[in-house]
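Numbering (the working numbering), first residue to last: 5 to 533. Okay, structure first, notes after.
See the structure below:
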């Protein structure tokens with residue numbers, strides 16, 4: 005005798021209900037007079053369809069519903085035959101046509117039912133991309149799949165157990181789950197990758213003290229496996245013998261666990277990709293802000309040529325250069341040239357650069373020589389910089405009337421001076437202590453007076469120049485920079501900067517730029533000053 009059929013009514017992956025088809029006709033719809041009432045689905049009509057039997061054959065017929073009836077994805081309007089395993093869709097609800105099973109067919113019927121349920125659940129798992137929502141969906145579904153009283157979803161990170169979801173069958177949150185579960189069982193499953201199932205936990209797991217304390221009778225713990233490793237476990241238990249804590253239940257949750265693990269990994273990867281894109285987007289915005297704060301052009305100073313360039317790395321860096329006009333004194337405004345580098349990279353370094361720029365500009369607006377300006381800049385920055393962050397800075401004061409330079413440095417790279425008369429390059433030792441380390445850098449600050457003769461040129465730079473690497477990791481180095489300046493120092497300042505950048509590009513030979521590259525050239529275009 006052929007087994008009697010039943011239907012499994014599902015809406016989403018969480019809920020499923022079994023209905024045996026006992027009469028010749030079963031009405032399905034939203035109205036309470038139906039044999040199977042579908043609640044909460046606005047797309048199911050009051051009398052949506054019927055499933056009927058004639059001479060041992062079963063068929064479905066749409067009853068003029070608003071949204072139609074579909075069998076295995078095909079719209080049906082007339083009576084359509086049904087076979088075990090067929091999927092009937094009404095609105096957002098799925099009705100699975102399966103055998104109910106007799107004594108000899110219970111296992112087969114149950115396996116077919118479980119397979120079809122898993123297919124529907126898998127669709128919902130794959131459609132949920134929010135990791136926290138997905139974990140709750142997985143836990144709630146697992147509890148209801150085998151009728152457990154409680155469920156716990158635990159993920160493994162750095163060999164530590166992380167309790168992500170702890171629920172009971174009524175969706176209530178289990179408080180302090182780590183104290184209401186057998187961690188010994190979980191660790192055993194994580195270590196072996198094999199499930200643990202018992203319907204007599206007090207006897208089968210009597211070697212575990214936590215089982216006796218929790219008074220558990222039924223327990224199932226299965227691994228969540230993805231990419232050949234255990235990423236967590238599903239732990240289900242009950243203090244009664246109700247539920248499906250048997251071999252079929254174990255196989256069902258094992259298959260579900262494999263689906264769940266893949267969905268978790270996919271959601272993790274998607275979240276990481278979104279986070280990465282969000283970070284990259286923020287870095288792009290920060291980089292644009294950083295570039296927007298740079299001088300829009302080189303200033304015009306009688307008798308001098310100035311040219312500054314910054315070539316930013318892919319990340320937001322902490323390089324800084326600026327031209328700042330001082331206050332007008334007796335009809336003349338002198339010029340300050342600043343170049344600096346914040347420790348580290350990324351948005352924090354960029355924020356420190358912006359802060360330093362604001363502080364420096366406000367202080368220069370009041371006037372003062374480089375040593376005094378840098379001392380006060382440090383005092384202000386020290387209050388806000390986090391431990392471990394600092395900034396090198398060099399400030400040059402140009403007397404516009406004479407073209408003479410006054411320099412003070414805070415641990416920045418030494419400027420290089422090209423002497424046109426001898427075609428030799430000199431290093432200017434400005435010394436000093438970086439900003440943000442001590443409260444008062446006054447004792448460490450010195451000012452250097454520098455006179456430029458006709459055609460002489462001074463080059464300021466950041467360590468992104470000397471530490472630029474080629475594909476083998478070899479740095480550009482200070483000596484190579486000196487060689488370039490000795491060869492091209494006679495050029496106008498803009499051409500000298502372009503020549504240095506060309507040499508850096510040739511040296512890199514396609515290697516990734518890891519740090520900002522900043523250059524400022526100041527050339528004397530007048531008589532001896």
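From the three backbone atoms N, C-alpha and C, an ideal C-beta is built for every residue, glycine too.
Check	Outcome
Proximity below 8 Å, CB of residue 451 to CB of residue 389	no
Cβ separation of residue 472 and residue 464, assumed to be a contact under 8 Å, to the nearest whole Å	About 16 Å separates the two Cβ atoms, so there is no contact after all.
Beta-carbon gap between residue 154 and residue 241 smaller than 8 Å	yes
Three-state secondary structure (DSSP) of residue 476	coil
Cβ-based neighbour list, residue 165, same chain, cut-off 6 Å, excluding 5 preceding and 5 following	158
Cβ shell of residue 522 (< 7 Å), same chain only, five flanking positions each side left out	314, 323, 325, 343, 465, 466 and 468
Buried or exposed (CB count within 10 angstroms, at least 16 for buried), residue 444	exposed
Reduced DSSP secondary structure (H/G/I, E/B, other) of residue 335	coil
In DSSP terms, what residue 323 is bridged to	345
Extent of the continuous alpha helix (DSSP H) run through residue 150	135 to 150
C-alpha gap between residue 507 and residue 489, whole angstroms	11 Å
C-alpha distance - residue 168 paired with residue 101, whole-angstrom precision	35 Å
Given 8 Å, three or more beta-carbon pairs between the region 399 to 416 and the region 366 to 381	yes
Distance, residue 509 Cα to residue 555 Cα	Shown here, the chain extends from 5 to 533; a query on residue 555 therefore has no answer.
One or two residues paired with residue 461 in a DSSP bridge	422 and 527
Whole-angstrom C-beta distance between residue 339 and residue 540, which should lie under 8 Å	There is simply no residue 540 to check, as the chain begins at 5 and stops at 533 in what is shown.
Host alpha helix (DSSP H) of residue 254 (start-end)	251 to 296
For residue 499, the nearest candidate out of 527, 458 and 512 (CA to CA)	527
Residue closest to residue 20, alpha-carbon to alpha-carbon, out of 310, 59 and 122	122
Of the residues 501, 525, 483 and 474, the one placed nearest residue 513, counting alpha carbons only	474
Burial state of residue 373, where buried means 16 or more other Cβ atoms lie within 10 Å	exposed
Where the beta strand (DSSP E) containing residue 241 begins and where it ends	233 to 242
DSSP-derived helix/strand/coil call for residue 396	strand
Beta strand (DSSP E) segment containing residue 20, residue limits	19 to 24
Given residue 127 as reference, the closest of 150, 136, 96 and 103 once Cα atoms are compared	96
Host beta strand (DSSP E) of residue 172 (start-end)	164 to 172
Span of the beta strand (DSSP E) around residue 100	97 to 103
CA-to-CA distance, residue 459 to residue 292, given in whole angstroms	35 Å
Cα-Cα separation between residue 327 and residue 280, rounded to whole angstroms	35 Å
7 Å Cβ shell around residue 53 - same chain, five flanking residues per side excluded	32, 64, 65, 66, 67, 69, 73 and 94
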